[in-house]
Structures are given as structure tokens and as C-alpha cells.
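*Asks:* First the structure, then my questions, so here it is.
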Amino acid sequence: MNARKNKLVALAALGLTGALALSACGGGSPSADGGSDAGGAQPGAASGQLAGAGASSAESAQGAWTQNFIALNPEAQVTYDSVGSSAGREQFLAGGVQFAGSDAALTEDELAQSAEACQGGTAFDLPVYISPIAVVFNLEGVEDLQLSAPTIAGIFAGTITKWNDPAIVADNPEATLPDLAITPVHRSDGSGTTENFTSYLSETAGDVWTHGEVDEWPIEGGQSGDGTSGLVSVVEGGNGTIGYADASKAGNLGIAKVKVGEEYIEYSPEAAAKAVELSPRAEGRSEHDIVMELDRTIDDPSAYPIVLVSYLVLCDTYADQETADLVKAYAGYVVSPEGQEASAQAAGSAPLTEGLSTDATAAIESIKAAA
Numbered sequence: 001m002n003a004r005k006n007k008l009v010a011l012a013a014l015g016l017t018g019a020l021a022l023s024a025c026g027g028g029s030p031s032a033d034g035g036s037d038a039g040g041a042q043p044g045a046a047s048g049q050l051a052g053a054g055a056s057s058a059e060s061a062q063g064a065w066t067q068n069f070i071a072l073n074p075e076a077q078v079t080y081d082s083v084g085s086s087a088g089r090e091q092f093l094a095g096g097v098q099f100a101g102s103d104a105a106l107t108e109d110e111l112a113q114s115a116e117a118c119q120g121g122t123a124f125d126l127p128v129y130i131s132p133i134a135v136v137f138n139l140e141g142v143e144d145l146q147l148s149a150p151t152i153a154g155i156f157a158g159t160i161t162k163w164n165d166p167a168i169v170a171d172n173p174e175a176t177l178p179d180l181a182i183t184p185v186h187r188s189d190g191s192g193t194t195e196n197f198t199s200y201l202s203e204t205a206g207d208v209w210t211h212g213e214v215d216e217w218p219i220e221g222g223q224s225g226d227g228t229s230g231l232v233s234v235v236e237g238g239n240g241t242i243g244y245a246d247a248s249k250a251g252n253l254g255i256a257k258v259k260v261g262e263e264y265i266e267y268s269p270e271a272a273a274k275a276v277e278l279s280p281r282a283e284g285r286s287e288h289d290i291v292m293e294l295d296r297t298i299d300d301p302s303a304y305p306i307v308l309v310s311y312l313v314l315c316d317t318y319a320d321q322e323t324a325d326l327v328k329a330y331a332g333y334v335v336s337p338e339g340q341e342a343s344a345q346a347a348g349s350a351p352l353t354e355g356l357s358t359d360a361t362a363a364i365e366s367i368k369a370a371a
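What the sequence shown shows, in the numbering used here, is residues 1 to 371, in sequence order.
In C-alpha cells form, the structure reads like this:
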């Protein structure tokens with residue numbers, strides 16, 4: 001196993017340690033059997049079919065969640081199609097799936113549109129997956145790279161075009177950087193990862209990044225990949241390439257350290273969780289619509305600012321009791337200590353804090369069937 005894979009395994013272990021610590025806290029969180037301590041379905045009692053679609057960043061976590069949940073509830077069938085955040089939200093709002101995964105919370109317009117899919121009720125967002133977004137690169141002869149926010153923004157905006165540009169040299173005074181063209185790679189699909197990445201650029205890079213926070217890449221041309229795996233594949237296939245992806249999918253690629261305050265720091269689940277902990281809840285949302293207002297300008301070097309919080313998008317009202325019960329059982333497993341442990345093992349994600357887990361549990365328990 002090479003050094004990069006060793007690092008990813010270590011990060012997964014770190015996430016697992018946190019998840020086990022959370023499990024030890026106990027409380028009234030939903031249990032892995034598909035019920036909840038507060039009075040849900042009994043072990044193995046969940047049944048029916050459930051379909052979801054959305055973010056590819058959480059594909060590994062969703063795979064672990066669905067497989068484990070089905071193993072615990074043999075009469076249930078849950079599927080997840082990693083089509084990207086935007087497409088997942090569209091399918092959910094059109095009534096094509098019962099839940100969505102999204103690296104960006106529903107907008108006000110999308111919440112307003114959700115009444116039809118939610119039987120006259122409304123949709124809400126639950127944070128279920130916390131992970132750093134890695135700045136991945138493939139540059140022959142260079143293993144260690146440090147980048148400040150304005151430098152990253154210049155690279156992806158197309159104003160920094162060579163690896164030996166003075167801005168990159170200033171960030172890496174001891175590195176030998178080649179006189180080689182930079183090939184930035186972006187997502188070709190609508191993506192919550194793109195939205196989180198451009199949010200970071202918009203908030204931290206001053207006037208270097210002028211395209212705002214967007215979920216579809218705003219600059220025409222350039223190299224791109226469909227979904228997280230597609231982007232990673234394009235970066236892997238070139239020399240001088242650089243992109244952004246959920247850290248769990250970085251594979252053997254180089255990963256840049258990012259400047260926070262006066263230090264260049266590595267990503268980790270722990271540092272991603274710290275960034276979320278230091279960020280406030282978004283204002284103007286309903287009680288059970290739990291959305292984080294991520295602070296990208298944090299200067300605490302223990303917090304990694306290029307972080308995504310992937311949400312489980314659910315309805316508060318479903319057409320029938322069986323569907324409502326199955327959604328509650330599955331979502332309850334996802335936010336439980338056991339579900340968060342599964343995500344940590346599969347993707348190296350950071351577990352939810354006890355407070356977020358408690359709030360998510362209360363939201364899930366409010367789901368009902370249409371009268």
C-alpha cells in the first residue's frame with residue numbers, strides 16, 4: 001500500500017474513532033435497526049422500497065448506509081443513484097425519488113416547489129455527511145504543494161497558467177516547480193462540491209475570483225469530468241492537472257495544503273468537523289431545516305475551510321404510512337452513531353456532533369403520512 005493510501009486509511013480510522021466516541025454518548029438517537037429509541041420500528045421491521053438520488057461526493061457513504069440498512073431490514077429495499085446534487089434535487093422535487101443527497105441545501109425557491117412532492121407539506125435538509133474538499137493535483141516530480149486562497153482562485157480563474165508562476169513559487173519557496181502549463185479540471189455537471197468550492201473562493205480570494213458561488217462551472221472551456229469520479233479520472237490522466245474533489249475520492253493524487261491564517265494545513269475529517277463546529281446555523285429556516293452557514297474565512301489552523309456538508313433532503317409528509325415509516329427508519333439509521341461509524345469507515349468522513357445528531361433525530365421523528 002502506498003503513502004497516499006496509507007493516509008486515507010489513517011483518516012478513515014480517525015473518523016471511526018470520532019464515531020465510536022459519539023456512540024458512547026448514548027441518548028435518544030435512532031438505532032441501526034431502522035427504528036429509534038424514541039419509539040420507531042422494531043428491529044428488522046422496516047419494509048418497502050425507497051429510492052434516492054444525488055451527490056456523488058457521498059457515494060461511498062450512501063453505499064455503506066444502504067447496504068447496512070438492508071442487511072438489518074431484509075424486507076426493505078433502498079437504492080441511491082449518484083447523479084450529482086443538482087440532478088438529485090430535481091428528481092426529488094419532481095417526485096421521482098423519496099429522498100435526495102445534496103452538497104448544497106435547498107434554496108428558497110426549491111423549498112417553495114417542494115409542496116407538490118411533499119403532499120402539501122415541505123421539504124427539509126439534514127446534515128449527514130461532513131467531509132473536506134481536497135485540492136487534488138498530478139504534477140510529475142512534485143509531491144508536496146502549498147496554496148493560498150488567492151493562488152487557488154487564480155489557477156481556476158485562468159489568470160495563473162504556469163506551475164512556476166510567481167504566486168505559486170511564493171507559496172512554495174522550497175519547491176522546484178516546472179515551467180509547465182497548468183490544466184485546471186472542473187465538474188461538468190451541476191455539483192454541490194462545485195458550489196462549496198466556489199463559495200470558498202468567493203469568500204477568501206478577494207477580487208481574484210469574480211464568478212461568485214455557483215453549482216455549475218461558470219467559465220467556458222477547459223477540462224472537466226462528470227461526477228466526482230470523472231473529475232478525479234481526468235486529473236489522474238494528465239501531467240500538470242489540478243482539480244477539486246471530496247477527499248475520500250482523492251486516491252493516489254497529490255493533495256495541496258491550504259493556507260489558513262499564517263499556516264498551510266492538511267485536510268482531515270477532524271479539521272473539517274472543526275470548521276463546521278465554528279460555523280453558525282443559517283437563519284430564516286424552519287425548526288427542522290438544519291442548514292449550516294459555513295464560515296470559509298476561519299483563521300484557526302485547526303479548521304479546514306474547504307469543507308462540504310452533504311444533506312439528506314426529505315419531505316415532512318409522504319403519501320402513505322409505509323413510505324413515511326421507511327424514510328424515518330432509513331434516515332434514522334443514517335444519523336445514528338452506527339450510521340455515522342459506517343460512513344467514517346467507508347469514506348473517512350467526520351461524524352456529526354452530538355448536538356447535530358440530536359436535532360436531526362427530532363426532525364426525522366416529525367415525518368408523517370398524509371391524512
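Positions of the beta carbon are idealized from the N, C-alpha and C atoms, including for glycine.
Give me whichever residues DSSP pairs with LYS259 in a beta bridge.
*Replies:* The residue labelled residue 259 in the question sits at position 259 within the sequence shown. Answer is TYR264.
*Asks:* What is the DSSP secondary structure of ARG187, reduced to helix, strand or coil?
*Replies:* The residue you call residue 187 lines up with position 187 of the sequence shown. DSSP places ARG187 in strand when its eight states are reduced to three.
*Asks:* LEU352 to ALA58, Cα distance in whole Å?
*Replies:* Position 352 of the sequence shown, counting from 1, holds the residue named residue 352. Position 58 of the sequence shown, counting from 1, holds the residue named residue 58. Roughly 14 Å separates the two Cα atoms.
*Asks:* Measure the C-alpha to C-alpha separation of ALA410 and THR198 and round it to an integer number of angstroms.
*Replies:* Nothing in the structure corresponds to residue 410, since the chain is present only between 1 and 371.
*Asks:* Between the Cα of VAL258 and those of THR204, GLU216, GLY225, spot the shortest distance and give me the residue it belongs to.
*Replies:* Counted from its first residue, the sequence shown places residue 258 at position 258. Of THR204, GLU216, GLY225, the residue nearest in Cα terms is THR204.
*Asks:* Can you give, in chain order, each stretch of the alpha helix (DSSP H) that sits fully within the stretch 178 to 223 and has at least 4 residues?
*Replies:* With a minimum length of 4 residues, the continuous alpha helix (DSSP H) runs that stay inside the stretch 178 to 223 are 192 to 204.
*Asks:* When the Cα atoms are used, what is the spatial distance from GLU277 to GLN345?
*Replies:* The residue labelled residue 277 in the question sits at position 277 within the sequence shown. The residue labelled residue 345 in the question sits at position 345 within the sequence shown. Between GLU277 and GLN345, the C-alpha separation is close to 21 Å.
*Asks:* Going straight from the alpha carbon of LEU147 to that of PHE156, what length do you get?
*Replies:* Taking the first residue of the sequence shown as position 1, residue 147 is located at position 147. Taking the first residue of the sequence shown as position 1, residue 156 is located at position 156. About 12 Å.
*Asks:* Under the three-state reduction of DSSP, which class applies to VAL307: helix, strand or coil?
*Replies:* For the purposes of this step, residue 307 is taken as the residue at position 307 of the sequence shown. VAL307 falls in the strand class under three-state DSSP.
*Asks:* Going by other Cβ atoms of all chains shown within 10 Å of its Cβ, with 16 needed for buried, is SER114 buried or exposed?
*Replies:* Translated into the one-based positions of the sequence shown, residue 114 becomes position 114. SER114 should be labelled buried.
*Asks:* Which complete alpha helix (DSSP H) runs does the stretch 87 to 147 hold, if anything under 4 residues is left out?
*Replies:* The stretch 87 to 147 contains these whole alpha helix (DSSP H) runs: 108 to 117.
*Asks:* In the DSSP assignment, find the beta strand (DSSP E) that holds GLY154 and state where it starts and stops.
*Replies:* Taking the first residue of the sequence shown as 1, we reach residue 154 at position 154. It is not in any beta strand (DSSP E) - GLY154 instead sits in the alpha helix (DSSP H) that spans 149 to 157.
*Asks:* Provide the residue span of the beta strand (DSSP E) that contains ILE290, from first to last.
*Replies:* Taking the first residue of the sequence shown as 1, we reach residue 290 at position 290. It is not in any beta strand (DSSP E) - ILE290 carries neither H nor E in the DSSP assignment.
*Asks:* Does DSSP classify ILE298 as helix, strand or coil?
*Replies:* The residue given as residue 298 occupies position 298 in the sequence shown. Residue state, collapsed to three classes: coil.
*Asks:* Whose CA, out of HIS186, ALA360, LEU106, lies closest to the CA of GLU287?
*Replies:* Mapped onto the sequence shown, residue 287 falls at position 287. Closest option to GLU287, Cα to Cα, is ALA360.
*Asks:* State the Cα-Cα distance for the pair ILE265 and ALA175, rounded to the nearest angstrom.
*Replies:* Here residue 265 refers to the residue found at position 265 of the sequence shown. Here residue 175 refers to the residue found at position 175 of the sequence shown. Their backbone Cα atoms lie some 17 Å apart in a straight line.
*Asks:* If we count Cβ pairs, one from each stretch, closer than 8 Å, do we get three or more for the stretch 49 to 56 versus the stretch 70 to 79?
*Replies:* Because the criterion of three Cβ pairs below 8 Å is met, the stretch 49 to 56 and the stretch 70 to 79 touch.
*Asks:* In this structure, how does DSSP classify ASP226 when only helix, strand and coil are distinguished?
*Replies:* Indexing the sequence shown from 1 puts residue 226 at position 226. Coil.
*Asks:* Report buried or exposed for GLN340, applying the criterion of at least 16 other Cβ atoms within 10 angstroms of its Cβ.
*Replies:* By 1-based counting over the sequence shown, the position of residue 340 is 340. Counting Cβ neighbours within 10 Å, GLN340 comes out buried, since at least 16 surround it.
*Asks:* Could you check how far apart the C-beta atoms of ASP131 and ASP246 are, in whole angstroms? I think they sit under 8 Å.
*Replies:* Counting from one through the sequence shown, the residue named residue 131 turns up at place 131. Counting from one through the sequence shown, the residue named residue 246 turns up at place 246. Residue 131 is actually Ser in this sequence, not Asp. So it is a contact: roughly 5 Å between Cβ atoms.
*Asks:* Can you give the Cα-Cα distance for GLU236 and THR228, rounded to whole angstroms?
*Replies:* Looking up residue 236 in the sequence shown gives position 236. Looking up residue 228 in the sequence shown gives position 228. Each residue's Cα considered, the two are about 12 Å apart.
*Asks:* Taking C-beta to C-beta, are PRO269 and GLY192 nearer than 8 Å?
*Replies:* To locate residue 269, count along the sequence shown from 1; it is residue 269. To locate residue 192, count along the sequence shown from 1; it is residue 192. Contact: no.
*Asks:* So, does the stretch 282 to 296 touch the stretch 176 to 191, judging by three or more C-beta pairs under 8 Å?
*Replies:* At 8 Å Cβ cutoff, the stretches do not touch.
*Asks:* Would you check if the stretch 302 to 315 and the stretch 104 to 120 touch, i.e. whether three or more CB-CB distances between them fall below 8 Å?
*Replies:* With the cut-off at 8 Å, the stretch 104 to 120 and the stretch 302 to 315 touch.
*Asks:* In whole angstroms, give me the CA-to-CA distance for ALA363 and ASP289.
*Replies:* Here residue 363 refers to the residue found at position 363 when the sequence shown is read from its first residue. Here residue 289 refers to the residue found at position 289 when the sequence shown is read from its first residue. Taking the straight line joining both Cα atoms gives about 8 Å.
*Asks:* Within the same chain, show all residues whose beta-carbon is closer than 6 Å to that of VAL307, passing over the 5 residues directly before and after it, in chain order.
*Replies:* By 1-based counting over the sequence shown, the position of residue 307 is 307. If we look at VAL307 and ignore the five residues flanking it on each side, its Cβ neighbours are PRO132, ALA272, ALA275.
*Asks:* Following the continuous alpha helix (DSSP H) through GLY52, name the residue where it begins and the one where it ends.
*Replies:* As a position in the sequence shown, residue 52 is number 52, starting the count at 1. Where GLY52 is concerned, there is no enclosing alpha helix (DSSP H), although the beta strand (DSSP E) it sits in stretches over 48 to 54.
*Asks:* Please classify ALA104 as buried or exposed, where buried requires at least 16 other C-beta atoms within 10 Å of its C-beta.
*Replies:* One-based indexing of the sequence shown puts residue 104 at position 104. Looking at its Cβ environment, which holds 16 or more other Cβ atoms inside 10 Å, ALA104 is buried.
*Asks:* Could you compute how far the alpha carbon of VAL214 sits from the alpha carbon of ALA94?
*Replies:* Numbered from its first residue, the sequence shown carries residue 214 at position 214. Numbered from its first residue, the sequence shown carries residue 94 at position 94. Answer to the nearest angstrom: the Cα atoms are 22 Å apart.
*Asks:* Nearest by alpha-carbon distance to SER56: which of GLY84, ASN73, ASN68 is it?
*Replies:* By 1-based counting over the sequence shown, the position of residue 56 is 56. Taking only the C-alpha atoms, the option nearest SER56 is GLY84.
*Asks:* On the DSSP bridge assignment, give the partners of TYR80 in chain order.
*Replies:* Sequence index remark: in the sequence shown, residue 80 carries index 80 (1-based). TYR80 pairs with GLY52.
*Asks:* Can you check DSSP and say which residues form a bridge with SER317?
*Replies:* Position 317 of the sequence shown holds residue 317. One detail in the question is off: residue 317 reads as Thr in this sequence, not Ser. THR317 pairs with LYS368.
*Asks:* Assuming the contact rule is C-beta atoms closer than 8 Å, GLY243 and PRO184 should be a hit. Round their C-beta distance to whole Å, please.
*Replies:* For the purposes of this step, residue 243 is identified with residue 243 of the sequence shown, where counting begins at 1. For the purposes of this step, residue 184 is identified with residue 184 of the sequence shown, where counting begins at 1. Correct: roughly 7 Å between the Cβ atoms.
*Asks:* Determine the burial state of PRO74: buried for a count of at least 16 other Cβ atoms within 10 Å of its Cβ, exposed for fewer.
*Replies:* Taking the sequence shown and counting its residues from 1, the one referred to as residue 74 is at position 74. PRO74 comes out exposed.
*Asks:* Could you give the first and the last residue of the continuous beta strand (DSSP E) run that contains LYS245?
*Replies:* As a working mapping, residue 245 is identified with position 245 in the sequence shown. Per the sequence shown, the amino acid found at residue 245 is Ala instead of Lys. ALA245 -> beta strand (DSSP E) spans 241 to 246.
*Asks:* List the DSSP bridge partners of LYS162.
*Replies:* Against the sequence shown, residue 162 aligns to sequence position 162. Answer is ALA181, bridged to LYS162.
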